[in-house]
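Undergrad: Here the sequence shown stands for residues 1 to 318, where the numbers follow our numbering.
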Amino acid sequence: MANANVSLLGRDILDIESLSVEEIELVLKTAKQMKKIMKSGMKKVDFLKGKSIINLFYEPSTRTRTSFELAGKYLGADVVNITTSNSSVVKGECLRDTILTVQSMACDAIVMRHPIEGAAVYAAQVADPVIINAGDGAHAHPSQGFLDMFTLREQGKDLKGLKMAILGDILYSRVARTNIAAWTKMGAEVHLAGPMTLIPHDIEALGVKVHKRIEDAIEGADVIDVLRIQLERQKSGLFPSPREYARIFGLNEDRLKLAKPDVTVLHPGPMNRGLEISWEVGYCDNAAIRTEVQNGVACRMALLLLTLTGGKYVENID
Numbered sequence: 001m002a003n004a005n006v007s008l009l010g011r012d013i014l015d016i017e018s019l020s021v022e023e024i025e026l027v028l029k030t031a032k033q034m035k036k037i038m039k040s041g042m043k044k045v046d047f048l049k050g051k052s053i054i055n056l057f058y059e060p061s062t063r064t065r066t067s068f069e070l071a072g073k074y075l076g077a078d079v080v081n082i083t084t085s086n087s088s089v090v091k092g093e094c095l096r097d098t099i100l101t102v103q104s105m106a107c108d109a110i111v112m113r114h115p116i117e118g119a120a121v122y123a124a125q126v127a128d129p130v131i132i133n134a135g136d137g138a139h140a141h142p143s144q145g146f147l148d149m150f151t152l153r154e155q156g157k158d159l160k161g162l163k164m165a166i167l168g169d170i171l172y173s174r175v176a177r178t179n180i181a182a183w184t185k186m187g188a189e190v191h192l193a194g195p196m197t198l199i200p201h202d203i204e205a206l207g208v209k210v211h212k213r214i215e216d217a218i219e220g221a222d223v224i225d226v227l228r229i230q231l232e233r234q235k236s237g238l239f240p241s242p243r244e245y246a247r248i249f250g251l252n253e254d255r256l257k258l259a260k261p262d263v264t265v266l267h268p269g270p271m272n273r274g275l276e277i278s279w280e281v282g283y284c285d286n287a288a289i290r291t292e293v294q295n296g297v298a299c300r301m302a303l304l305l306l307t308l309t310g311g312k313y314v315e316n317i318d
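Laid out in structure tokens, this is it:
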């Protein structure tokens, strides 16, 4: 199925930048096989029987944490969820001690979300289990990058040569940085638009084009990735008001008409409806937002299987 020389066995998944195109392709091909398991009448297999996975989340999450939990359980692993509000972190335990405590319980992988950039890299330096970054501050969210690419592949869209528009809160978005890295590496043309206060001044060094008007980014686009306005990370004064933001930068039906007729609309969720995306666009036929959620499970199954077994059993899936 894949290049025999490419393996992610024992590999920490910290970002997209550190992965080769061949490794990215391996994950996407494996995710396709994992989705077959999801769609089967019996979603439970024993590919990870005897493996234990800890989901260690320092921030709230619905989609990512639940899909990693289901991914592990569908593959037969034992999965434990730890949220910091119910852990020793509230008693003052530092990150290193939490990681080493979890490691001492003989887990095989730690799926980790943390509000500080670089936390997953630090965990990988101090811990032996596989570390999978489920989001660290505004830095990276690799599994989101994979599920977005997989969703587009399912629609027959090879990223090479496509015009991809990323709209909104670039400054605080780990999804933006992840998709910029993934899409440029795969040969896409990436355009950004949003308030200048929410776009890093040096972002064009990553090989993207920045627009002041979202209409210019959207025009002729094959894919539009609408980012959530991350109010919990922002300081005040970055845009006048939610109403003004929606009027100037929100994706609505009129603006969507500027893109190609078969444009795919993505959103990492949760959506601030009526702010960065209108209710109508969020539910339109071009929106692949629910499909992204489903594909998130398949891609996270692929990451767990590849890092913990090297992809064993994949060839036997019909």
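Glycine included, C-beta positions come from ideal geometry on N, C-alpha and C. Quick caveat, the model's predicted, so the values are computed rather than measured.
Determine the burial state of H139: buried for a count of at least 16 other Cβ atoms within 10 Å of its Cβ, exposed for fewer.
TA: Label assigned to H139: buried.
Undergrad: Buried or exposed: A246, going by 16 or more other Cβ atoms within 10 Å of its Cβ?
TA: When all chains shown are included, A246 counts as buried.
Undergrad: In angstroms with no decimal places, state the Cα-to-Cα distance between K73 and L306.
TA: Taking the straight line from one Cα to the other gives about 15 Å.
Undergrad: So is L9 buried or exposed if we call it buried at 16+ other beta carbons inside 10 Å?
TA: Label assigned to L9: exposed.
Undergrad: How big is the Cα-Cα spacing for V191 and K257?
TA: Before going further, note that residue 191 is His rather than Val in the sequence given. Distance between the alpha carbons of H191 and K257: 17 Å.
Undergrad: State buried or exposed for G319, treating a residue as buried only when at least 16 other CB atoms are found within 10 Å of its CB.
TA: Residue 319 is absent from the model: the chain starts at 1 and stops at 318.
Undergrad: What are the complete beta strand (DSSP E) segments, minimum 3 residues, inside the region 123 to 158?
TA: Runs found: 130 to 136.
Undergrad: State the CB to CB distance for the pair I116 and I131, rounded to an integer number of angstroms; the pair is presumed to be in contact (CB under 8 Å).
TA: Actually they are not in contact, since the Cβ atoms of I116 and I131 sit about 15 Å apart, beyond 8 Å.
Undergrad: Determine the direct distance from the alpha carbon of I24 to that of T151, and round the result to whole angstroms.
TA: Taking the straight line from one Cα to the other gives about 14 Å.
Undergrad: Which first and last residues belong to the alpha helix (DSSP H) in which D225 is found?
TA: Careful: D225 lies outside any alpha helix (DSSP H), inside the beta strand (DSSP E) at V223 to V226.
Undergrad: Please say whether S143 and C299 have beta carbons closer to each other than 7 Å?
TA: Against a cut-off of 7 Å, the Cβ pair of S143 and C299 comes out as a contact.
Undergrad: What three-state label does DSSP hand D78 in the structure shown?
TA: Strand.
Undergrad: Taking the beta carbon of W183 as the centre, do at least 16 other beta carbons fall within 10 Å, making it buried, or is it exposed?
TA: Per the 10 Å Cβ criterion, buried.
Undergrad: Consult DSSP for S52 and reduce its assignment to one of helix, strand or coil.
TA: Strand at S52.
Undergrad: With three or more C-beta pairs closer than 8 Å as the rule, is the region 50 to 67 touching the region 19 to 36?
TA: Cβ pair count under 8 Å is below three, so no.
Undergrad: Have a look at P242 and T197 and give me their C-alpha separation to the nearest angstrom.
TA: Looking at the two C-alpha atoms, the distance is approximately 14 Å.
Undergrad: Between which two residues does the beta strand (DSSP E) holding K185 run?
TA: It is not in any beta strand (DSSP E) - K185 instead sits in the alpha helix (DSSP H) that spans R174 to K185.
Undergrad: For the alpha helix (DSSP H) holding E189, just list the boundary residues, first then last.
TA: Careful: E189 lies outside any alpha helix (DSSP H), inside the beta strand (DSSP E) at E189 to A193.
Undergrad: Using a 10 Å radius around the Cβ and a threshold of 16 neighbouring Cβ atoms, would you call M1 buried or exposed?
TA: Low confidence applies to M1: its pLDDT is 45, below 50, so where it sits in the model is not reliable, and the reading given next is rough at best. Result: exposed.
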